[in-house]
Amino acid sequence: MNAGERAARERVEAVYAAVDRLTPDDLRLTTMPVRDKAVREGLVAGLERAAVRAGRGELLGEARAWLRQAIGARTLARYRPEAGVWGVSAGGLVQDRVEVLLALEDTVSVAATEDLLDPREAAALADPGRGLLGLAPLTTHGSEPEPPPAGTWEPSAADWAAAVDDGPAAVDVDEPMSGGRAIQRMFFWVAGGFGAVTLLALGAITAQPVVGILGACAAITLAWAFATYRPARRR
Numbered sequence: 189m190n191a192g193e194r195a196a197r198e199r200v201e202a203v204y205a206a207v208d209r210l211t212p213d214d215l216r217l218t219t220m221p222v223r224d225k226a227v228r229e230g231l232v233a234g235l236e237r238a239a240v241r242a243g244r245g246e247l248l249g250e251a252r253a254w255l256r257q258a259i260g261a262r263t264l265a266r267y268r269p270e271a272g273v274w275g276v277s278a279g280g281l282v283q284d285r286v287e288v289l290l291a292l293e294d295t296v297s298v299a300a301t302e303d304l305l306d307p308r309e310a311a312a313l314a315d316p317g318r319g320l321l322g323l324a325p326l327t328t329h330g331s332e333p334e335p336p337p338a339g340t341w342e343p344s345a346a347d348w349a350a351a352v353d354d355g356p357a358a359v360d361v362d363e364p365m366s367g368g369r370a371i372q373r374m375f376f377w378v379a380g381g382f383g384a385v386t387l388l389a390l391g392a393i394t395a396q397p398v399v400g401i402l403g404a405c406a407a408i409t410l411a412w413a414f415a416t417y418r419p420a421r422r423r
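Heads up: take any position in the sequence shown, counting from 1, add 188, and you land on the numbering used here.
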C-alpha cells in the first residue's frame, strides 16, 4: 500500500467515525438542498475515472458499500420502546432522505480520492455531506475568492478612513429623519381635530356648550403646539 492510498483510507475512516455519530433522527429529519443532477453526475464520473486510473477503484467501492449498508440499517429500522417491536421509521420527505444519502456517499467518495481531484470539484461534492457530519469544509488552495453577489456593496478601507476623518460633522444629529416630522404633524392635527369634535359633542349632550367650546380650543391649541414644535439646535 503506497502513501497516497494509506492517507485515503485514513480519510475514509474519519468519515466513518463521523457517520457513526449520526442518530436515526438526524438521518430521518434532516433536509438538504437539491443539487443540480447533471453537474453532480459529471463530477462523480470524473471522480470514478480518477479512482480507476490511480488503482483505487476497489477502495472507492468498499467505502460506498459500507456507507450504504450503515445508513440503510440505521434509517429503515429503529427500535420503538413504546411499541416493543422493530419497525420502519417515519418522518421526513423521501427526497430529503435521498439527498442526505447522496451527500454522504459523495463525502466518503471524495475521502477516497481527494488527492486525485481538483480542489474545487472535491469541495463541491464533499462539503454538503461534511456539513451534515460536522466536519470542516474542504479548503481550495490557490483558488480565487468568490466575487460578491450582484447588487451588494461593502465599504473599502478608503471609505472607512474618509468617514472617520469627517468626524461628527458627517451627520447632523439635530436633523430630523426624512418624512418623520410630516407624519408626526399629521398625527397631531388628526388627533386634535378628533378631540375637538368629541369635546364639542360632549358639551352639547351635557348642556354645557361653553365647556365644550373651551375644551375644543384647548385640544386644537395642544395639537398646534405639538405639530409645530422643533427642538432648539445645539451650537
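Glycine included, C-beta positions come from ideal geometry on N, C-alpha and C.
For L305, three-class secondary structure by DSSP: L305: coil per DSSP, three-state reduction.
7 Å Cβ shell around A271 - same chain, five flanking residues per side excluded: Annotation note: pLDDT 43 at A271 (below 50); position unreliable, coordinate value reported separately. For A271, where only same-chain residues beyond five positions count, there are no Cβ hits under 7 Å.
7 Å CB neighbourhood of M220 in its chain, flanking five on each side removed: Within the same chain, M220 has close Cβ partners D284, E287, V288, A291, P316.
Simplified DSSP assignment, three categories, for V222: Reduced to three states, the DSSP call for V222 is coil.
Rounded C-alpha distance that separates R209 from G322: In a straight line, the C-alpha of R209 is about 10 Å away from that of G322.
Under 9 Å between C-beta atoms of L388 and G400: In this structure, the beta-carbon distance from L388 to G400 falls below 9 Å.
Reduced DSSP secondary structure (H/G/I, E/B, other) of L429: Residue 429 is absent from the model: the chain starts at 189 and stops at 423.
V203 vs A310 beta-carbon contact at 9 Å: The beta carbons of V203 and A310 sit no closer together than 9 Å.
Three-state class that DSSP yields for G391 in the structure shown: G391 falls in the helix class under three-state DSSP.
Cα-Cα separation, A392 to I408: Rounded to the nearest whole angstrom, the CA to CA distance from A392 to I408 is 18 Å.
For R244, three-class secondary structure by DSSP: Coil.
Helix, strand or coil at M374 according to DSSP, with G and I counted as helix: Note: M374 maps to helix in three-state DSSP.
Q257, DSSP secondary structure in three states: DSSP places Q257 in helix when its eight states are reduced to three.
Rounded separation between G192 and L313 - CA only: Using only the alpha carbons, I get a separation of about 20 Å.
Close beta carbons around A244, own chain, < 7 Å, minus the five adjacent residues each side: Note that residue 244 is Arg in the sequence shown here, rather than Ala. Result list for R244: E193, A196, A300, T301, in chain order.
Selected residue, minimal CA-CA separation from L320, among A406, D213, R373: That would be D213, whose Cα lies nearest to the Cα of L320.
Neighbourhood of A397 by C-beta, 6 Å cutoff - its chain only, sequence neighbours within 5 removed: The identity of residue 397 in the sequence shown is Pro, whereas the question assumes Ala. Excluding residues within five positions, the ones whose Cβ falls inside 6 Å are G391.
Boundaries (first-last residue) of the alpha helix (DSSP H) holding L215: Element bounds for L215: 212–217.
Residue environment, A261, which counts as buried when at least 16 other CB atoms sit within 10 Å: Per the 10 Å Cβ criterion, exposed.
Closest by C-alpha distance to A384, when choosing among G403, F376, M189, A370: Nearest neighbour of A384 by Cα position, chosen from G403, F376, M189, A370, turns out to be G403.
C-alpha distance - E293 paired with R256, whole-angstrom precision: Rounded to whole angstroms, the separation of the alpha carbons of R256 and E293 is 8 Å.
Cβ distance (whole Å) where R252 is taken to contact S297 below 8 Å: Rounded, the Cβ-Cβ distance is 6 Å, consistent with contact.
Simplified DSSP assignment, three categories, for R209: Here R209 sits in coil by DSSP.
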